[in-house]
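Structure, as structure tokens:
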Amino acid sequence: MKAEDSLSFSDCIPAEKGFFHFFGTRQNPASLINKVQVGQVTPVPPDYPYVISLKQIHGRDVVVFDEPIDVDSSMTYEGDALVTTQPNVLLVVRTADCVPVLVADIERQVIGAVHAGWRGAVAGIVLETLAVLTQRHGAKKEHLRVVIGPSIGSCCFEVDDPVIRPIKERFSFWPDVLKPTSSTHAKVNLKGLVFHQLLQAGISSSAIRQSDDCTQCDANRYFSYRREGRVNGTMLSGIMMKF
Ligand SMILES: [Zn+2]
Numbered sequence: 009m010k011a012e013d014s015l016s017f018s019d020c021i022p023a024e025k026g027f028f029h030f031f032g033t034r035q036n037p038a039s040l041i042n043k044v045q046v047g048q049v050t051p052v053p054p055d056y057p058y059v060i061s062l063k064q065i066h067g068r069d070v071v072v073f074d075e076p077i078d079v080d081s082s083m084t085y086e087g088d089a090l091v092t093t094q095p096n097v098l099l100v101v102r103t104a105d106c107v108p109v110l111v112a113d114i115e116r117q118v119i120g121a122v123h124a125g126w127r128g129a130v131a132g133i134v135l136e137t138l139a140v141l142t143q144r145h146g147a148k149k150e151h152l153r154v155v156i157g158p159s160i161g162s163c164c165f166e167v168d169d170p171v172i173r174p175i176k177e178r179f180s181f182w183p184d185v186l187k188p189t190s191s192t193h194a195k196v197n198l199k200g201l202v203f204h205q206l207l208q209a210g211i212s213s214s215a216i217r218q219s220d221d222c223t224q225c226d227a228n229r230y231f232s233y234r235r236e237g238r239v240n241g242t243m244l245s246g247i248m249m250k251f
């Protein structure tokens with residue numbers, strides 16, 4: 009994979025411990041583009057023995073793969089987060105302004121990938137994923153590492169009451185992520201909304217890294233639903249354990 013195809017934070021999720029992750033760009037990882045099938049388990053050897061991608065529905069459902077992978081093309085997997093305990097399985101999320109979040113317990117064999125738009129972030133998809141990792145798979149909060157990828161930035165994400173109200177209602181930290189621009193509108197820091205929820209859940213800020221990139225501002229590097237006014241393309245982000 010060429011450097012310009014993607015970015016990663018290997019200082020946070022360590023490659024030397026067998027964890028591989030990336031946040032794709034418009035170029036995506038070239039080895040994956042056109043191979044990921046939405047809602048399916050797809051064999052893409054040799055780089056990725058299995059690739060799993062969800063039919064994303066802006067909700068809070070976490071889909072778990074905790075047994076050896078079975079490719080069943082009659083199945084369609086729906087949800088906005090993936091968790092696996094299985095090695096050599098690439099968990100993929102697709103975004104074009106929403107926030108891709110990748111997480112690993114670096115002392116245990118369990119990882120997750122989350123697609124968090126504002127609806128999912130407000131609904132709690134990231135915390136739901138942490139709950140699955142810790143309660144169902146024994147991940148320890150102090151061993152979790154979280155990387156937050158490129159998304160629309162607060163520079164570009166101006167919203168009105170239907171978005172502002174639930175954020176104010178649900179999150180005491182809302183003044184940190186919501187900056188009023190008029191009596192009816194505000195700019196939202198979507199990555200901040202994820203970051204502050206992680207802090208509230210007990211993840212240390214030193215265990216979290218985030219991209220500063222705004223998908224709407226950087227047209228050369230990223231697709232943006234808001235800038236382009238339609239789904240012109242999506243970035244792929246993924247995480248896998250190679251043991
Ligand atoms: Zn921007």
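Every letter in the sequence shown is one number past the one before it in the working numbering, and letter 177, counting from 1, is 185. Think of the CB as a built atom: it goes at the ideal place given N, C-alpha and C, for glycine as much as any other residue.
query: Taking the Cβ atom as the reference point for each residue, do Thr242 and Thr137 lie within a distance shorter than 8 Å?; result: no
query: To which residues of the same chain is Lys25 closer than 7 Å at the C-beta, ignoring the five residues directly before and after it?; result: Ile114
query: To the nearest angstrom, how far is it from the Cα of Pro95 to the Cα of Pro57?; result: 9 Å
query: Who does Gln117 pair with in a DSSP beta bridge?; result: Bridge partners of Gln117: none, in fact.
query: Between which two residues does the alpha helix (DSSP H) holding Gly200 run?; result: 198-208
query: Please report how far the alpha carbon of Ser14 lies from the alpha carbon of Ser219, in whole angstroms.; result: 12 Å
query: Mind pulling the beta strand (DSSP E) runs of 3 or more residues that sit fully within the region 165-249?; result: 186-188, 194-196, 216-218, 243-249
query: Closer than 8 Å by C-beta to Met9: which residues in its own chain qualify, once you throw out the five before and the five after it? Chain order, please.; result: Its pLDDT being 45, under 50, Met9 is placed unreliably by the model, and the measurement read from it follows with that caveat. The residues are Phe30, Pro37, Ala38, Ser39.
query: Quick one: is the Cβ of Cys164 within less than 7 Å of any heavy atom of ligand 1?; result: yes
query: Taking only the alpha-carbon atoms, compute the straight-line gap between Phe231 and Cys106 and give it to the nearest angstrom.; result: 11 Å
query: With DSSP collapsed to three states, give me the class of Gly128.; result: helix
query: Look at the alpha carbon of Lys149 and the alpha carbon of Ser212, and state the distance between them as a whole number of angstroms.; result: 9 Å
query: List the whole-angstrom C-beta distance separating Ile156 from Lys199, where the pair is believed to meet the contact cut-off of C-beta under 8 Å.; result: 5 Å
query: Would you say the beta carbon of Cys222 comes nearer than 7 Å to a heavy atom of ligand 1?; result: yes
query: Should Gly161 be counted as a contact of ligand 1 given a C-beta to heavy atom distance under 7 Å?; result: yes
query: Look at the alpha carbon of Ala11 and the alpha carbon of Val111, and state the distance between them as a whole number of angstroms.; result: Low confidence applies here, because Ala11 scores a pLDDT of 47, under 50, leaving its location unreliable; read the following figure in that light. Rounded to the nearest angstrom, the two C-alpha atoms are 21 Å apart.
query: If distances are taken between C-alpha atoms only, which option among Val52, Asp78, Gly128 comes closest to Gly87?; result: Gly128
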